[in-house]
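Q: Just so we're aligned, residue 56 is where the sequence shown starts under our numbering, counting upward by one. All residues carry an ideal CB built from backbone N, CA and C; glycine is no exception.
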Amino acid sequence: MNARIYTLILGAMVMAGLPALQVKAQSGADMDRFIDELMQQMTIEEKIGQLNLVTAGEVTTGSVVSTGVEAKIKEGKIGGIFSMTTPKRIRAAQELAVNQSRLKIPLIFGLDVIHGYKTIFPIPLGLAATWDLGLIEETARISAVEAAADGLNWTFSPMVDVSRDARWGRISEGSGEDTYLTSRIAEAMVHGYQGNNLAADNTLMACVKHFALYGAAEAGRDYNTTDMSLHRMYNEYLPPYKAAIDAGAGSVMTSFNDINGVPATANKWLMTDVLRDQWGFHGFVVTDYTAVNELMDHGLGDLQEVSARSLQAGIDMDMVGEGFLSTLKKSLDEGRVSEVDIDRACRRILEAKYQLGLFDDPFRYCDESRAERTLLAPAHLAKAREVAGKSFVLLKNDQQLLPLKKKGTVALIGPLANTGSNMPGTWSVSADLEHTPSLLEGMRALLGEQVNIIHHQGANLLEDADYQERATMFGRTIPRDDRPEAEVLAEAVATAQQADVIVAALGESSEMSGESSSRTDIGIPAIQQRLLAELLKTGKPVVLVLFTGRPLTLGWEDAHVPAILNVWFGGTETGKAVADVLFGDVNPSGKLPATFPQHVGQVPLYYSHKKTGRPLAEGQWFQKFRSNYLDVSNDPLYPFGYGLSYTTFAYGEISLSRDNLPSNGVLEVYVDVRNTGNYGGEEVVQLYISDVAGSITRPVKELKGFQKIWLEPGQSKRVVFELTVEDLKFYDANLDHVAEPGEFVVAVGTNSRDVQEGRFTLTD
Ligand code: BGC
Numbered sequence: 056m057n058a059r060i061y062t063l064i065l066g067a068m069v070m071a072g073l074p075a076l077q078v079k080a081q082s083g084a085d086m087d088r089f090i091d092e093l094m095q096q097m098t099i100e101e102k103i104g105q106l107n108l109v110t111a112g113e114v115t116t117g118s119v120v121s122t123g124v125e126a127k128i129k130e131g132k133i134g135g136i137f138s139m140t141t142p143k144r145i146r147a148a149q150e151l152a153v154n155q156s157r158l159k160i161p162l163i164f165g166l167d168v169i170h171g172y173k174t175i176f177p178i179p180l181g182l183a184a185t186w187d188l189g190l191i192e193e194t195a196r197i198s199a200v201e202a203a204a205d206g207l208n209w210t211f212s213p214m215v216d217v218s219r220d221a222r223w224g225r226i227s228e229g230s231g232e233d234t235y236l237t238s239r240i241a242e243a244m245v246h247g248y249q250g251n252n253l254a255a256d257n258t259l260m261a262c263v264k265h266f267a268l269y270g271a272a273e274a275g276r277d278y279n280t281t282d283m284s285l286h287r288m289y290n291e292y293l294p295p296y297k298a299a300i301d302a303g304a305g306s307v308m309t310s311f312n313d314i315n316g317v318p319a320t321a322n323k324w325l326m327t328d329v330l331r332d333q334w335g336f337h338g339f340v341v342t343d344y345t346a347v348n349e350l351m352d353h354g355l356g357d358l359q360e361v362s363a364r365s366l367q368a369g370i371d372m373d374m375v376g377e378g379f380l381s382t383l384k385k386s387l388d389e390g391r392v393s394e395v396d397i398d399r400a401c402r403r404i405l406e407a408k409y410q411l412g413l414f415d416d417p418f419r420y421c422d423e424s425r426a427e428r429t430l431l432a433p434a435h436l437a438k439a440r441e442v443a444g445k446s447f448v449l450l451k452n453d454q455q456l457l458p459l460k461k462k463g464t465v466a467l468i469g470p471l472a473n474t475g476s477n478m479p480g481t482w483s484v485s486a487d488l489e490h491t492p493s494l495l496e497g498m499r500a501l502l503g504e505q506v507n508i509i510h511h512q513g514a515n516l517l518e519d520a521d522y523q524e525r526a527t528m529f530g531r532t533i534p535r536d537d538r539p540e541a542e543v544l545a546e547a548v549a550t551a552q553q554a555d556v557i558v559a560a561l562g563e564s565s566e567m568s569g570e571s572s573s574r575t576d577i578g579i580p581a582i583q584q585r586l587l588a589e590l591l592k593t594g595k596p597v598v599l600v601l602f603t604g605r606p607l608t609l610g611w612e613d614a615h616v617p618a619i620l621n622v623w624f625g626g627t628e629t630g631k632a633v634a635d636v637l638f639g640d641v642n643p644s645g646k647l648p649a650t651f652p653q654h655v656g657q658v659p660l661y662y663s664h665k666k667t668g669r670p671l672a673e674g675q676w677f678q679k680f681r682s683n684y685l686d687v688s689n690d691p692l693y694p695f696g697y698g699l700s701y702t703t704f705a706y707g708e709i710s711l712s713r714d715n716l717p718s719n720g721v722l723e724v725y726v727d728v729r730n731t732g733n734y735g736g737e738e739v740v741q742l743y744i745s746d747v748a749g750s751i752t753r754p755v756k757e758l759k760g761f762q763k764i765w766l767e768p769g770q771s772k773r774v775v776f777e778l779t780v781e782d783l784k785f786y787d788a789n790l791d792h793v794a795e796p797g798e799f800v801v802a803v804g805t806n807s808r809d810v811q812e813g814r815f816t817l818t819d
C-alpha cells in the first residue's frame, strides 16, 4: 500500500467520524503533528498495544512463545513482530494491522540479523578481527539490503557488549575486549544498517544491545549479575553503546543482567538518567526476551509491579512477556503509572514507525521479486568470501608451513572438516544451512583436480554424547561415530599417513559459543586433542585450522603444532575462504580482538588492565609478594591485536611531531612500515596511549587508533596518526570527562605487546 491508498483509508476514517491524519510529512514538526493527531484518537488499550512486541515463534530464545497473535493484531494489541520473515508472511500480518485494526497502525518487523541475513558473514568476533571498519560497514549494509528485501525493517544489532571473559559464550557476538575497537565497529554497523535514510526500502533500524554491561556477567555465566564501579562503567563498558547512539541508532535493547542491585530492565538510572538525560537518546528502548517477566525471578515483585517499574524506568516496548499488555491498564487505574508514562513510550514507537516510512507505505519492504533478486546475490557471496578470509588470524606458522602448495595429497581430518551447517556460526538464524559448503567442499571447489584431498572425521566433537547434543542445536549437526575411540583414531591416522600434509579441522562447534553457551574449560575438547596428538605422531606436517567462537587456551597446541590458523566461524563462504588462505590465494591479516589466555584461571585477562601497587619487575614472571600466580605467568598466550601474515613487516622508529601537546593542538605520530617478506599483505598498525599519572588509576595502555595498510613485497609506507586532547580524556572520580595535563606514553606496533614507545606532555 502506498501513501495514496493510506490516504484513502484515512478518508474513510474521516467519513466514519474520525479526524484525518496527515501522512506525507518530512520534518520533525510534521512528525510531531502527525503523531499528536494519531494519539488523540487512540484508546489507552491501543496505546499499550503499541508497546507489545511478540514473536512469530520461528526462533525463540526463551520458554515463552506468543499466542493469539492474529486476533491481537486486529484488536490493536501488538506494536511489532519479530522472527517472522518473507514478504508474503509479513505482508499478510501487516494487512491484518492496516486493514483490520481500528486505527490501522502498521507493525514494525524485527529479527536478529546479527552477522548477515541469508548471506552470512563471520561471527561478530571474527568481523572485529578484520579491524576493517569500511568492510564491516559493508557487511551491515548487505545484511540490511537482504533483510529489508525479505520484509524486515528492524535488526537487533549491533551487539556492543565489551567482554573480557572467554568463558562467556556470547563473547562471540560482540567485538571483543576493547572499548575503542568496539566503539568504532558499533558506529560502522549502525551506519551500514541505517544508511542515510531510515525510510529507504533497503535499510533497517539498528538496535544497540544489550544495554548494559551484559559482557561482564560474573564468572562468565550467561545472564549472571554484574556489579561494577561507575568509573569502570563510564571508561570501559559504556562508550560503545554511546558510540552507537551518537551514530544514530534508532533503538536500544536492555540487557538481562542485574547492575549494581537493579536489573537493567528496571533500572531508571541507566535507562533515563544516563541514556536519555546524559546521552540525549531519542529513539525507543525494547526489553530483551521476556526480560520484564524475569524481574520477578530477580525478586523485584509480581508482574504488575515489575511492569510498572520497567515502564517508569524508561522502557518503551516489552518483548514477548506481555507484562505491559496484561497489567499497565490496571496500574493506570490504580494510579501506579500515569498516562504520561504510557504516552511517552507509545509516542517513541510511533516515531520509529514514522521514521521507517511505514505510515507512508506499510508494504515498502514486501516486494517478493526484490527478495528473489537480492538474497544470496553473487556480489554478496563474493563479499562474504573476502571478509571471511580477512577475519582469519594466523596464530603460528613455523618454517612457513603455510601457505600450502597446490599439489600432492592433503588429508583433511577432524569433526569440523565436513560440516556445512556449522560454518555460519552462532546467531545466524536465517542462514540457509543446506547450501553452506563445508571446509572439505570449499577445498574441493578451489582445488579441483590439482590436489588430492582425502578426508576422515577423526573423532567426535566431544566425548560426552549429551554435551555434544547441547553443543549442536538448531540443525548445526555433527554426526557421532559410536565405535571405540581407538578404532576411529586408527582409521584417521591411516588416512593421514597417505598424505603429504595434514589439515586438522578442530575446535568448537558453532553452538559451543553464543547465548546460553558458557564454558568453564575453554580448551579444544580432550577427545580432539588426542586426535591431534596422534596426527602429529605421524611426523607429517600438521596445520591446525581452528574453529572457535571465543578465545581458547591453546598452550599445548602452540607448543606442538607447527601452524595454527584461527578461522572463528566465517559465515556462508567459510569453506572456500579457508581454502583461499590455506593455499595462498589470500594472505591472512586478521588480528585478535580479544586476548587468548594461557590458562582459564587467568580470566579475565585483557591488555588494558590497571596498574597494581605490586607489579612484577621487567622480565620476571614470578616474584614473591608481587601480583602474579605461582603456577602460570601473567602473560597471555597470544596478546590482543596479535596476528601473523605470510609476509613480514618491519617497523622503523616512531617519531612525534612535538614533545608538548597544548589542549587545542594536534600531535602527529609517524612510523614507517616495510614489507620485508615475499607476499603482498595487509598490516594493522596499532597505536596505544598510557597516562603516566592521573587523579585516578589508569589502564597500562589503551588502544586509541589503528590503520590497516596494504604493502607489496619491499614496499614501505609512512603511517601517520593524529592525537588530540580528545584521545586523552577519561571519566574521573566525579565522572567528568577530562584530560589531565602531564606525561603520556604513546606506543605503536603490530600488536598490544610488541610496541615502540615515545613520550609527550599534555600542557594546559
Ligand atoms: C537475546 C537477544 C535477542 C533476543 C531476540 C534474546 O534471548 O538475548 O540478543 O535479540 O533474544 O531474539
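1. DSSP state of residue 747, grouped into three classes?
2. Could you pull out every residue in the same chain whose Cβ sits closer than 6 Å to the Cβ of residue 656, ignoring the five residues on either side in sequence?
3. For the stretch 636–655 and the stretch 227–242, state whether three or more C-beta atom pairs, one from each stretch, are separated by less than 8 Å.
4. Counting C-beta neighbours from all protein chains within 10 Å, is the total for residue 564 16 or more, i.e. buried, or is it exposed?
5. Would you say residue 487 and residue 173 are within 7 Å of each other, going by their C-beta atoms?
6. How about the stretch 299–313 and the stretch 334–342: do they share at least three Cβ pairs that are nearer than 8 Å?
7. Based on DSSP bridge pairs, tell me the residues matched to residue 773.
8. Cα separation between residue 82 and residue 619?
9. With respect to 6 Å, is the separation between the Cβ of residue 576 and the closest non-hydrogen atom of the ligand BGC below this value?
10. Can residue 782 be considered in contact with the ligand BGC, in the sense that its beta carbon sits closer than 6 Å to one or more heavy atoms?
11. Taking 7 Å as the threshold (C-beta atoms), are residue 599 and residue 554 in contact?
12. To the nearest angstrom, how far is it from the Cα of residue 810 to the Cα of residue 684?
13. Which value, in whole angstroms, describes the spacing of the CA atoms of residue 199 and residue 323?
14. Measuring straight from C-alpha to C-alpha, what distance separates residue 318 and residue 330?
15. Between which two residues does the alpha helix (DSSP H) harbouring residue 198 extend?
16. Classify residue 77 as helix, strand or coil using the three-state DSSP reduction.
17. Roughly how many angstroms separate the alpha carbons of residue 186 and residue 430, rounded to a whole number?
18. With respect to the alpha helix (DSSP H) encompassing residue 90, which residues constitute its N-terminal and C-terminal limits?
19. Who are the Cβ neighbours of residue 569 in its own chain at under 7 Å, not counting the five residues just before and after it?
20. Measure the alpha-carbon distance for residue 80 versus residue 86 and round it to whole angstroms.
21. Name the DSSP beta bridge partners of residue 262, please?
22. How far does the alpha helix (DSSP H) with residue 611 in it extend, from its first residue to its last?
23. Give the secondary structure of residue 507 by DSSP, where H, G and I count as helix, E and B as strand, and everything else as coil.
24. For the pair the stretch 189–203 and the stretch 457–464, tell me if three or more CB-CB distances fall below 8 Å.
25. Taking the Cβ atom as the reference point for each residue, do residue 299 and residue 245 lie within a distance shorter than 7 Å?
26. Could you tell me whether the stretch 606–621 touches the stretch 425–441, where touching means 3 or more Cβ pairs closer than 8 Å?
27. Rank 92, 485, 677 by C-alpha distance to the C-alpha of residue 688 and give the top, closest one.
28. Is any heavy atom in the ligand BGC found nearer than 6 Å to the beta carbon of residue 344?
29. Alpha carbon to alpha carbon, how far is residue 240 from residue 596? Give it in angstroms, no decimals.
30. Kindly indicate which three-state DSSP category residue 111 falls into: helix, strand or coil?
31. Scan the stretch 397–482 and note each continuous beta strand (DSSP E) run of 3 residues or more that stays entirely inside, going in chain order.
32. Between the C-alpha atoms of residue 403 and residue 170, what's the straight-line distance to the nearest angstrom?
33. Mind checking which residues open and close the beta strand (DSSP E) that includes residue 802?
34. Would you give the residue range spanned by the beta strand (DSSP E) that residue 706 belongs to?
35. Between 365, 804, 632, which lies nearest to residue 696 when the distance is taken from Cα to Cα?
A: On the basis of the supplied data:
1. coil
2. none
3. yes
4. buried
5. yes
6. yes
7. 727
8. Note that residue 82 has pLDDT 49, beneath the 50 cutoff, so the model's placement of it is unreliable and no number is given.
9. no
10. no
11. no
12. 25 Å
13. 32 Å
14. 15 Å
15. 188–204
16. Residue placement at residue 77 cannot be trusted, given a pLDDT of 34 that sits under 50; the coordinates are not used to answer.
17. 26 Å
18. 83–96
19. 224, 225, 227, 228, 481, 482, 604
20. Any reading at residue 80 must be qualified, since the residue scores a pLDDT of 36, below 50, and its modelled position is unreliable; no value is offered.
21. 306
22. 610–615
23. strand
24. no
25. yes
26. no
27. 677
28. yes
29. 37 Å
30. coil
31. 448–452, 464–468
32. 27 Å
33. 797–804
34. 704–706
35. 804
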